[in-house]
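Novice: Add 2 to a position in the sequence shown, counting from 1, and you land on the number used in my numbering. Handing you this structure, nothing more for now.
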Amino acid sequence: MKRNRLTRALRLVIVAVATFLVPALSLGAWNVPKETISYDVMYKWGLVNKKAGTVRIVTTPQSNGEFHAHLSGATAKWADRFYTVRDTLKGRIKSETFLPLYYEKISHEGGDYEHNVLTYTRSGNTTTAKVTVAKKRKKDKEVKHETKTHSATGMTIDMLSSYYYMRKLDYANMKKGETVAVNVFSGKQKERLTIHYEGIETIEVKNKKYPCYHITFTFTSKNGKKTSDNMDAWISTTPGKIPLLLEGKLPIGKIRCFYTGTVS
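Listed below in structure tokens is the structure:
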């Protein structure tokens with residue numbers, strides 16, 4: 003399993019990630035609730051369909067017009083023998099605009115350690131993030147530190163805040179084939195995320211069928227080159243707009259993240 007694809011699937015149900023203040027799109031009345039959402043990450047290859055890990059996302063609205071988000075992802079014991087992942091994402095996000103104020107990622111992946119912190123400032127339509135990075139590869143003797151700055155014009159989010167903004171979009175008023183693009187900051191780089199709306203489809207989760215909005219994600223670098231394979235997400239058409247399934251390809255087989263429950 004390649005690290006970038008597996009960890010992207012673990013985070014983003016993360017993926018299910020998404021979008022942005024684009025005037026042409028209508029936004030629904032969905033507001034961020036206090037909730038804890040869990041996912042099982044399944045590895046499928048032919049007849050093999052084995053639990054590879056779990057993802058848990060905790061959302062806590064605050065009284066100051068923002069909410070706090072905490073995502074944790076971990077591989078299962080059998081998968082740890084091949085490649086261990088323990089990821090934590092933390093964020094502070096504006097409740098009205100879904101713009102991130104603070105983003106932190108702590109990752110332990112295959113013996114490597116990395117800790118990224120992003121703090122945001124905005125001026126007009128430009129977003130700037132100050133990034134601090136601490137990292138130690140398995141072969142390194144000491145932790146290395148560096149700082150960098152990302153800047154972008156237009157709607158700009160990160161991997162954690164995108165999970166919430168995609169639930170805000172009013173898919174009922176979008177046309178099949180419609181696309182939206184947004185900037186996404188990570189500790190390492192700036193990417194362009196394009197979301198393709200594929201229409202309504204019915205999927206089965208835990209032996210129940212649900213009508214869902216189907217969306218596809220494409221990540222590209224600043225020169226337009228794809229940085230990973232496309233990923234798909236299915237979001238419930240119910241008022242809660244919970245992402246029920248995320249799917250991403252691996253060199254052998256694929257990863258599927260299934261919704262397992264919500265605690266309010």
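Even glycine gets a Cβ: it sits at the ideal position worked out from N, Cα and C. For clarity, every value in this text was computed on a predicted model and none was experimentally measured.
1) Does the structure place the segment 158-172 close enough to the segment 86-102 that three or more beta carbon pairs sit under 8 angstroms?
2) Would you mind reading off the limits of the alpha helix (DSSP H) that contains ARG124?
3) My parser needs the alpha helix (DSSP H) runs of 4 or more residues fully inside the segment 143-204; what are they?
4) Considering Cα atoms alone, identify which of ILE244, TYR104, HIS216 is closest to PHE187.
5) Which two residues bound the contiguous alpha helix (DSSP H) that contains ASP82?
6) Cβ atoms of HIS72 and VAL57: under 8 angstroms apart, would you say?
7) For TYR41, tell me which candidate among PRO245, THR151, ILE254 has the shortest Cα-Cα distance.
8) Does DSSP classify ASN232 as helix, strand or coil?
9) Leaving out the 5 sequence neighbours to the left and right, which residues in its chain are closer than 6 angstroms to HIS117 when beta-carbon positions are compared?
10) Quick check on the burial criterion: 16 or more other C-beta atoms within 10 angstroms. Buried or exposed for SER163?
11) Where THR128 and TRP47 are concerned, what is the direct C-alpha to C-alpha distance, given to the nearest angstrom?
12) Just reading off the beta strand (DSSP E) that LEU246 is part of, what are its end residues?
13) Are the beta-carbon atoms belonging to ALA183 and HIS152 less than 8 angstroms from one another?
Specialist: In this structure, then:
1) yes
2) Per DSSP, ARG124 belongs to no alpha helix (DSSP H); it is in the beta strand (DSSP E), 114-125.
3) 161-170
4) TYR104
5) 79-82
6) no
7) PRO245
8) Correct three-state label for ASN232: coil.
9) ILE108, ALA136
10) buried
11) 43 angstroms
12) 245-251
13) no
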